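In this text, residue positions in the sequence shown follow our numbering: the first is 63, and each later residue adds one. Where a beta carbon is used, it is the ideal one built from N, C-alpha and C, also for glycine. Values in this document were obtained by computation on a predicted structure and should not be read as measured data. Notes follow the structure.
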Amino acid sequence: MDENVRWHRRQLMEAAAAALEKNGFPTALFDSRQEAVAHLLTTASAADSIGFGGSMTLAELGLPERLQEAGKKTLVHGRAGLSPEARRQVMQEQLGCDLFFTSTNALTLKGQLVNIDATGNRVCAMVFGPKRVIVVAGANKIVADLESALRRVKEVACPPNARRLNFDTPCAKTGRCTDCNSPQRICRITTIIERRTRATDLQVCLINEDLGY
Ligand code: SF4
């Protein structure tokens, strides 16, 4: 990444972190994925059961595999070969895990976390259930405000996600959202986490790289 772009991203990360902290979310900043992964593995060492929201960011960091290799009980509902019942069971176990890792579709310079989900398991676990939640995001997820966040989700995050999952939606074919009524529509619930919820220790880890969609 160009040094000036890296500098700009770092300024945005610091501004977002200040706003997140003000809203009750402890936030750690990292200049590289290697530093972030080392920190996350150390943080996860105290947890026995670790859940993962569906996330390209976490997959790109190799976090589920690293923690599996470390002997942790990893709860990954997207694992190949799971039946629909087994997948649902894993999602339910995620709600009671010690530590839940997820990314976010967008985060704002006002310190809000914005997500759109299809099943709802990911956004549910972000607000209540797991003892601790760590949101891991690349600086590419930072936007100015709520309006930009919602636009980012529809214009940047959803089309490649729908295509990756092979869903029959307009965005997976044209790359653009038509606010569809497709049976496979992935936009079914929108959450805006504005402040730390009372029973969930939610922390944010921001990385100065492009990660996920
Ligand atoms: S509403 Fe439909 S077209 Fe728009 S992003 Fe969601 S799934 Fe894609």
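Original post:
Based on Cα-Cα distance, which residue from 115, 63 and 106 lies nearest to residue 128?
Top reply: Among 115, 63 and 106, the Cα nearest to that of residue 128 belongs to 106.
Original post:
Counting pairs of Cβ atoms below 8 Å between the segment 137 to 152 and the segment 207 to 221, do you hit three or more?
Top reply: Fewer than three pairs of CB atoms, one per stretch, sit closer than 8 Å, so the segment 137 to 152 makes no contact with the segment 207 to 221.
Original post:
Which of the three DSSP states, helix, strand or coil, is assigned to residue 172?
Top reply: In the three-state reduction of the DSSP assignment, residue 172 falls in the coil class.
**OP:** Can you tell me which of the three DSSP states residue 111 falls into?
**Re:** Strand at residue 111.
**OP:** Could you spell out the range, first to last residue, of the alpha helix (DSSP H) harbouring residue 214?
**Re:** Here the alpha helix (DSSP H) through residue 214 covers 208 to 214.
Original post:
Under three-state DSSP, which class holds residue 142?
Top reply: Three-state result, residue 142: coil.
Subject >> DSSP state of residue 90 mapped onto helix, strand, coil >> reply: The answer is strand: DSSP assigns residue 90 an E or B state.
**OP:** Taking residue 227 as part of the beta strand (DSSP E), name the residues at either end of that continuous run.
**Re:** Where residue 227 is concerned, there is no enclosing beta strand (DSSP E), given that its DSSP letter is neither H nor E.
**OP:** Tell me, please, which residues DSSP counts as bridged to residue 163.
**Re:** According to DSSP, which records beta bridges pairwise, residue 163 is partnered with 114 and 196.
Original post:
Any heavy atom of ligand 1 within a distance shorter than 8 Å of the CB on residue 112?
Top reply: Within the chosen limit of 8 Å, ligand 1 does not reach the beta carbon of residue 112 with any heavy atom.
Original post:
Exposed or buried, which one is residue 87 when buried takes at least 16 other CB atoms within 10 Å?
Top reply: So residue 87 ends up on the buried side.
Subject >> Any non-hydrogen atom of ligand 1 closer than 8 Å to residue 222 Cβ >> reply: Residue side-chain check: residue 222 keeps its Cβ at 8 Å or more from all non-hydrogen atoms of ligand 1.
**OP:** Helix, strand or coil for residue 246, going by three-state DSSP, please let me know.
**Re:** In the three-state reduction of the DSSP assignment, residue 246 falls in the coil class.
**OP:** Select from 155, 81, 200 and 71 the residue whose C-alpha is nearest the C-alpha of residue 268.
**Re:** Answer by Cα proximity: 200.
Original post:
Mind checking whether residue 187 and residue 151 have CB atoms under 9 Å apart?
Top reply: Contact check for residue 187 against residue 151 fails: the beta carbons are separated by 9 Å or more.
**OP:** Ignore the nearest five residues each way along the sequence and tell me which others in residue 230's own chain have a CB closer than 7 Å to its CB.
**Re:** Closer than 7 Å at Cβ, skipping near neighbours: 244 and 246.
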